[in-house]
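Peer 1: Chains as they are written, first to last, in the working numbering: chain A, 669 to 974; chain B, 669 to 974; chain C, 669 to 974; chain D, 669 to 974. Positions of the beta carbon are idealized from the N, C-alpha and C atoms, including for glycine. Just passing along the structure, written as structure tokens.
Number of protein chains: 4
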Amino acid sequence: RNTSQSAAKKRLDISGIYPPIATPFTQSEDVDYQRLDDNLKKYSNLPFRGLVVQGSNGEYPYLTPEERVQVVKRVKQTLPEDQLLMAGSGCESTRATIQMSQQMADAGADCLLVVTPCFYRGRMDSRALINHYTKVADSSPVPVVLYSVPANTGLDLPVDAIIQLSQHPNIVGLKDSGGDISRIALVVQKTRSQGFQVLAGSAGFLMAAYAVGAVGGVCALANVLGQQVCDLAQLCVSGRWDEARELQYRLIEPNTAVTRQYGVPALKQAMEWFGYHGGVCRSPLQPLSKADLEQLQVKFSSNGWL
Amino acid sequence: RNTSQSAAKKRLDISGIYPPIATPFTQSEDVDYQRLDDNLKKYSNLPFRGLVVQGSNGEYPYLTPEERVQVVKRVKQTLPEDQLLMAGSGCESTRATIQMSQQMADAGADCLLVVTPCFYRGRMDSRALINHYTKVADSSPVPVVLYSVPANTGLDLPVDAIIQLSQHPNIVGLKDSGGDISRIALVVQKTRSQGFQVLAGSAGFLMAAYAVGAVGGVCALANVLGQQVCDLAQLCVSGRWDEARELQYRLIEPNTAVTRQYGVPALKQAMEWFGYHGGVCRSPLQPLSKADLEQLQVKFSSNGWL
Amino acid sequence: RNTSQSAAKKRLDISGIYPPIATPFTQSEDVDYQRLDDNLKKYSNLPFRGLVVQGSNGEYPYLTPEERVQVVKRVKQTLPEDQLLMAGSGCESTRATIQMSQQMADAGADCLLVVTPCFYRGRMDSRALINHYTKVADSSPVPVVLYSVPANTGLDLPVDAIIQLSQHPNIVGLKDSGGDISRIALVVQKTRSQGFQVLAGSAGFLMAAYAVGAVGGVCALANVLGQQVCDLAQLCVSGRWDEARELQYRLIEPNTAVTRQYGVPALKQAMEWFGYHGGVCRSPLQPLSKADLEQLQVKFSSNGWL
Amino acid sequence: RNTSQSAAKKRLDISGIYPPIATPFTQSEDVDYQRLDDNLKKYSNLPFRGLVVQGSNGEYPYLTPEERVQVVKRVKQTLPEDQLLMAGSGCESTRATIQMSQQMADAGADCLLVVTPCFYRGRMDSRALINHYTKVADSSPVPVVLYSVPANTGLDLPVDAIIQLSQHPNIVGLKDSGGDISRIALVVQKTRSQGFQVLAGSAGFLMAAYAVGAVGGVCALANVLGQQVCDLAQLCVSGRWDEARELQYRLIEPNTAVTRQYGVPALKQAMEWFGYHGGVCRSPLQPLSKADLEQLQVKFSSNGWL
């Protein structure tokens, strides 16, 4: 017990807001490092806790292993010293995840966001996932954050697996993008004695997640409305719930539009409207149709953001 | 605009906590009105806003149309005058729902909880559902509450349908049992100018729902831990969020156990532990296995309730 | 073993094709018995094994218990003596199903089609379903056919439950509308020693079902293209698989259109095109949109039926 | 029309049975090329049309890009000249798929099996998938086979996309692992004029697929019961449907066990029983539990194979 408590005390503090940054591409679909730098400079003026590099919005499944590491390196060069670089190192196999985690730590990642492997989802029960994450965390030079994103993976990291993994000294938290708020509350209840930290995986349920004990969020919408998402977090932390609620309302539709509804192409389009480089996605992701584009715009303008 | 505002002002206030009461049966599976009365007397001492008769936990699909009306009559006899009787009058066809609504209003229902028809769920789009609810609300002598419970119906009442229906003067609110907290917040945002009221359909996300603007809850767990669910609601209404959070945590596992996990048989078993008559369910619902029963008990005891 | 073999020998032969007849309504949504009679007379000229009254296409969830029995009575009056009247008697509760089964048998049903109860689908495991069907079959005066239709119920009757139930002397077969052909073959393999008979629940996989050992079909499309569905069955039974295949192809799109795609309103519309009374559905089922109507027509005309 | 007919004539004939071979690993989870060679030698005595290298059963998501190519090279060295090497070259991005396709063709692949990209499944509509496959097929030096495997990808390649893609001169067929037999029949109906060829993705519905016009199968079970799967195919091709049916029955349970039920670990275990090298999977895939192992054995022994 003493051990776990002292472990809890030593855990990396990951509380706060992170944009899971998009990866800009040139028209020929190469990584556009210059435009990436431009975005990073603008983000450095916002009160983020850090950046997530290669969450689902970073099109990481479309990057080569080399590109994934290279992007981390590039971000590290620009990131303010007091911000965290949380790098997505998840691969399907345990061995590839271990290797990628090592490479990203070497490239400057402060901690790692490790998505559930999912291709053989029928076999990814608690036993398999606990085994996977334990091996990854055992070997990782930097702390690990679990990452459950059922909309992409078709798999929800089971609560019993999270509880057991929260006892690992090198696993510091969870990014939960599923949004089941009872589940989020249950995870907080069952893991807080370990100093385990839960991050909301979306701005759509950020306030509710704070209400039940989450300590931050990795929010696609923060790529676009970064200050506003940070403001919402601050209102929650300060207990100004009535103001928080009003702000939360205005973020739900834009958030849904750039995530579940229209996806990364919409996120990148919206970034253009707000002064960032978004641009094209890698194929097979397609640009929005004209009708979808108009709907996307309405979701921002009707809430007063455009 | 004036019209809708004055409509809003006149709406029945449904804010607060309701247990969706269970229907006790004798060993031969007849409705046990005496045991029902006993439960109602105990509930009358708790600070409920009212009772829901024939929500999903009342085994209403297992009652004959005559029994459904009879149970409403019986509840009306015992219910304190200042409490609301919200009766579940939903049937698959519009005409049967209209008839049942009329009969329940005649039997003393103060308002009606109308579940989405669902057998032909592939055809139950917004057009069909708006048409259904409009006809029901047009003809109903008492106000109507929409009811979306996808775990049972396989159907989530679409947000655009809710928004349009919120403008009907005789539709006063929604019970949302799906628990998607972003959706609940969005519904509140889009309907509050109409005075439309959202009730959480479960104690598992009650605090989060209050945080984003819900005004109450219809909570199976309130059949068992009625005072505690009311306490949680009161803490939320008073803005005592830190205390609310601690209480919310302790209700999640018991709530899941008596709803999604083990269902109505578990709810009725837990009622026995807390001094109410639960008893058998109508077939084909089966009693819990011994292993499930033990697990159920752990969910209450490990949270300090047994 | 001897017992079950002799039971097998005595089982009612249900092999062949059945249209699950639609229920015609007047413009005011009352049952239109005259138009029902008209349809029945036309059907009596086709080589059906019998009629299914109140399958999913009969809008049975929209009929009152009294109407359900009355429709069975009416059909019995017109049905040729050598055809079977298979009546859908499934209700949510076991006791209601037992009562309805008795009433339908009294009204002239030769056998009963009993859909899985489904509202509490999370609790409808093999134990509950075996218990339900056993009680129903024990008390039924006429043989019982199991009915699994996951598109409507969200529930697939488990194979282990089917296998166990196939040993009941009063359960003679299964209508499987899920269409998982491996599952259908497995059920045939595991139950044929009992003389258990499997009927395909749709014309879309009728030939494949015959190929793996089914003995007939309850096909919505047979309400419209009755002769053709019977022809397909006959080709399969005769082992003329190449001809069967060509006919099967031409039935797939029309079948999907009147079932999964556009549902009962499309079935009733198509009936009008082919000389039957279809007409309106009961609310909340809505008429097809103009666009859907055009698509529906194309599905028939492009396959040479219109 | 002439163009497409001549294209049809020139298409590579892919009809027949393929095992999607497993990838043996050493205890330290490296590719075990020696054991792979041993398996290949045994397979060379069976009447396969060819081998699929890196279908879902090959654990391809767990191989590095280099390993994927290396395994193809190794297989090519052992493969009999008259057999086809169908290599799985699908990646999430179009550009990676194009590159992998080129490398595998260079390594000796006769044709390519290209799985649907799926991580951003919400955006993988027909437009995106047609675009993806067209680019891949345009640039591929060898013919392309579409691959839809919803159990792993959560995505069913839409029929309208298949129909359009069937017109591409370098796309010769589809492996459909979803098993919806109406859909398979519809695809055959709509594409056969192009000479497009459909392969069943599983031995569980192989006979039914042949019945509706498929020309072969890629069957995990063929890794274990290769001769029997080929026998089943031959019986179907010869029109000996009654014998085919009896053999099909006996393959369903073993097939389900090594695919949907227990997955690749079960396939590899069963291979050991039948004289092949199976061995461990790469982590996070875990060995079967003792209970699962016993169940697996029963599925083979109760059907007369062990």
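Which residue marks the beginning of the beta strand (DSSP E) containing Ser816(B), and which one marks its end?
Peer 2: Taking the second sequence and counting its residues from 1, one reaches residue 816(B) at position 148. Start and end: Val812 to Ser816.
Peer 1: By alpha-carbon positions, which one of Asp806(B), Ala890(B) and Tyr917(B) ends up nearest to Ala853(A)?
Peer 2: As a working mapping, residue 853(A) is identified with position 185 in the first sequence. The residue with the shortest Cα to Cα distance from Ala853(A) is Tyr917(B).
Peer 1: Do we get a CB-CB distance below 7 Å when we pair Tyr730(A) with the residues of chain D?
Peer 2: Taking the first residue of the first sequence as 1, we reach residue 730(A) at position 62. Taking Cβ atoms only, chain D reaches closer than 7 Å to Tyr730(A), which makes this a yes.
Peer 1: Does the pairing of the segment 919 to 938 of chain D with the segment 769 to 778 of chain A give three or more beta-carbon distances under 8 Å?
Peer 2: No: fewer than three Cβ pairs fall under 8 Å.
Peer 1: Identify whether Ala676(A) lies in helix, strand or coil by the three-state DSSP scheme.
Peer 2: Within the first sequence, residue 676(A) is the residue found at index 8, counting from 1. Per-residue confidence for Ala676(A) stands at a pLDDT of 49, beneath the threshold of 50, marking its modelled position as unreliable; the derived number appears in the next sentence. Helix at Ala676(A).
Peer 1: Taking DSSP's pairing of strands, which residues face Phe693(A) in a bridge?
Peer 2: Numbered from its first residue, the first sequence carries residue 693(A) at position 25. Partner(s): Val699(A).
Peer 1: Got a sec: is the Cβ-Cβ distance from Leu854(C) to anything in chain D below 7 Å?
Peer 2: Taking the first residue of the third sequence as position 1, residue 854(C) is located at position 186. It does: the Cβ of Leu854(C) has a partner Cβ on chain D nearer than 7 Å.
Peer 1: Give the range of the alpha helix (DSSP H) segment to which Asp899(B) is assigned.
Peer 2: Within the second sequence, residue 899(B) is the residue found at index 231, counting from 1. Taken as a continuous stretch (DSSP letters only), the alpha helix (DSSP H) holding Asp899(B) covers Gly894 to Val905.
Peer 1: Helix, strand or coil: how does DSSP classify Gly756(A) here?
Peer 2: Here residue 756(A) refers to the residue found at position 88 when the first sequence is read from its first residue. Looking at Gly756(A) - three-state DSSP - the assignment turns out to be strand.
Peer 1: Can you tell me the Cα-Cα spacing of Pro818(B) and Ala959(A), whole angstroms?
Peer 2: Taking the first residue of the second sequence as 1, we reach residue 818(B) at position 150. Taking the first residue of the first sequence as 1, we reach residue 959(A) at position 291. Approximately 30 Å between the Cα atoms of the pair.
Peer 1: For Gln954(B), decide whether its Cβ has a neighbour in chain C, counting only Cβ atoms nearer than 7 Å.
Peer 2: As a first step, residue 954(B) must be located in the second sequence, where it is residue number 286. Output row for Gln954(B): interface = yes.
Peer 1: In three-state DSSP terms, what is Leu719(A)?
Peer 2: If you number the first sequence from 1, residue 719(A) lands on position 51. If DSSP states are grouped into helix, strand and coil, Leu719(A) belongs with the strands.
Peer 1: Using Cβ-Cβ distances below 8 Å, what residues of the segment 759 to 784 of chain C are close to chain B?
Peer 2: For the segment 759 to 784 of chain C, which is checked against every Cβ of chain B, the residues closer than 8 Å are Glu760, Ser761, Thr762, Arg763 and Ala764.
Peer 1: Using a beta-carbon distance below 7 Å, is Phe787(A) in contact with chain D?
Peer 2: The residue given as residue 787(A) occupies position 119 in the first sequence. With 7 Å as the cut-off, Phe787(A) counts as an interface residue toward chain D.
Peer 1: Comparing C-alpha positions only, which one of Pro748(C), Phe968(C), Ala755(C) and Gln751(C) sits nearest to Gln738(C)?
Peer 2: Numbered from its first residue, the third sequence carries residue 738(C) at position 70. Ranking the options by Cα distance to Gln738(C), first place goes to Ala755(C).
Peer 1: Check Gly885(A) in the structure and name its three-state DSSP category.
Peer 2: Looking up residue 885(A) in the first sequence gives position 217. Gly885(A) falls in the strand class under three-state DSSP.
Peer 1: Please return the same chain residues whose Cβ sits closer than 7 Å to the Cβ of Leu956(A), not counting the five positions on each side in sequence.
Peer 2: One-based indexing of the first sequence puts residue 956(A) at position 288. Excluding residues within five positions, the ones whose Cβ falls inside 7 Å are Tyr930, Pro933, Ala934, Gln937 and Leu964.
Peer 1: I'd like to know whether the C-beta of Ser757(D) is nearer than 7 Å to at least one C-beta of chain A.
Peer 2: Locating residue 757(D) in the fourth sequence gives position 89, counting from the first residue. No - not a single Cβ of chain A is within 7 Å of the one on Ser757(D).
Peer 1: Candidates Arg679(D), Glu697(D) and Asn725(D): which alpha carbon is nearest Ser870(D)'s?
Peer 2: Position 202 of the fourth sequence, counted from the first residue, corresponds to residue 870(D). Ser870(D) has its Cα closest to that of Asn725(D), out of Arg679(D), Glu697(D) and Asn725(D).
Peer 1: According to a CB-to-CB cut-off of less than 9 Å, which residues of the segment 699 to 725 of chain B neighbour chain C?
Peer 2: Answer set for the segment 699 to 725 of chain B: Ser724.
Peer 1: For Asn820(C), count neighbouring Cβ atoms within 10 angstroms of its own Cβ and tell me buried if that reaches 16, exposed if not.
Peer 2: Here residue 820(C) refers to the residue found at position 152 when the third sequence is read from its first residue. Looking at its Cβ environment, which holds 16 or more other Cβ atoms inside 10 Å, Asn820(C) is buried.
Peer 1: Does the segment 844 to 859 of chain A come close enough to the segment 674 to 694 of chain A that 3 or more CB-CB pairs lie under 8 Å?
Peer 2: No contact exists between the segment 674 to 694 of chain A and the segment 844 to 859 of chain A.
Peer 1: Would Gly885(A) and Leu903(A) qualify as a contact pair, given that the criterion is a beta-carbon distance under 7 Å?
Peer 2: As a first step, residue 885(A) must be located in the first sequence, where it is residue number 217. As a first step, residue 903(A) must be located in the first sequence, where it is residue number 235. Not a contact, by the Cβ cut-off of 7 Å.
Peer 1: Would Asn923(C) count as contacting chain B if we go by Cβ distances under 7 Å?
Peer 2: In the third sequence, residue 923(C) corresponds to position 255, counting from 1. It does not: the Cβ of Asn923(C) has no partner Cβ on chain B nearer than 7 Å.
Peer 1: What does Lys803(C) touch in chain B if you count any residue whose Cβ is under 9 Å from its own?
Peer 2: To locate residue 803(C), count along the third sequence from 1; it is residue 135. Ser951 and Pro952, listed in chain order.
Peer 1: Under three-state DSSP, which class holds Ile682(C)?
Peer 2: The count along the third sequence starts at 1 and reaches residue 682(C) at position 14. Reduced to three states, the DSSP call for Ile682(C) is coil.
Peer 1: So, for Asp899(A): in the same chain, excluding its five sequence neighbours on each side, which residues have a beta-carbon less than 7 Å away from its beta-carbon?
Peer 2: Here residue 899(A) refers to the residue found at position 231 when the first sequence is read from its first residue. The residues are Leu915.
Peer 1: Identify the contact partners of Val932(B) in chain C, using a Cβ-Cβ distance below 8 Å as the criterion.
Peer 2: In the second sequence, the residue the question calls residue 932(B) occupies position 264. The answer, in chain order, is Tyr788 and Arg791.
Peer 1: Tell me which residues share the same chain as Leu752(B) and place their Cβ nearer than 7 Å to its Cβ, disregarding the 5 neighbours each side in the sequence.
Peer 2: In the second sequence, residue 752(B) corresponds to position 84, counting from 1. Same-chain partners within the cutoff: Ile682, Arg717, Gly718, Asp778 and Cys779.
Peer 1: Is the shortest distance between the beta-carbon of Ala876(C) and the beta-carbons of chain D less than 7 Å?
Peer 2: Here residue 876(C) refers to the residue found at position 208 of the third sequence. True, the Cβ-Cβ gap to chain D drops below 7 Å.
Peer 1: Within 7 Å (strictly less), CB to CB, does Ala879(C) reach chain D?
Peer 2: The residue given as residue 879(C) occupies position 211 in the third sequence. So, interface residue.
Peer 1: Below 7 Å CB to CB, which residues in the same chain sit around Gly723(B) once its five sequence neighbours on both sides are set aside?
Peer 2: Here residue 723(B) refers to the residue found at position 55 of the second sequence. Counting only Cβ-Cβ distances below 7 Å, and skipping sequence neighbours, we find Pro688, Gly756, Leu781 and Val886.
Peer 1: Any beta-carbon of chain D closer than 7 Å to the one on Ser906(C)?
Peer 2: Here residue 906(C) refers to the residue found at position 238 of the third sequence. Ser906(C) does not count as touching chain D.
Peer 1: Quick one: what does DSSP say Gln929(B) is sitting in, helix, strand or coil?
Peer 2: Here the question's residue 929(B) lines up with position 261 in the second sequence. Gln929(B) falls in the helix class under three-state DSSP.
Peer 1: Count the other CB atoms within 10 Å of the CB of Arg669(C); is the residue buried (16 or more) or exposed (fewer)?
Peer 2: The residue you call residue 669(C) lines up with position 1 of the third sequence. Unreliable positioning characterises Arg669(C) in this predicted model, as indicated by a pLDDT of 36, which lies under 50. A coordinate reading is not provided.
Peer 1: Just verifying my parser: in three-state terms, what is the DSSP assignment at Trp688(D)?
Peer 2: Taking the first residue of the fourth sequence as 1, we reach residue 688(D) at position 20. The sequence as given places Pro at residue 688(D); Trp does not occur at that position. Of the three classes helix, strand and coil, the one that applies to Pro688(D) here is strand, per DSSP.
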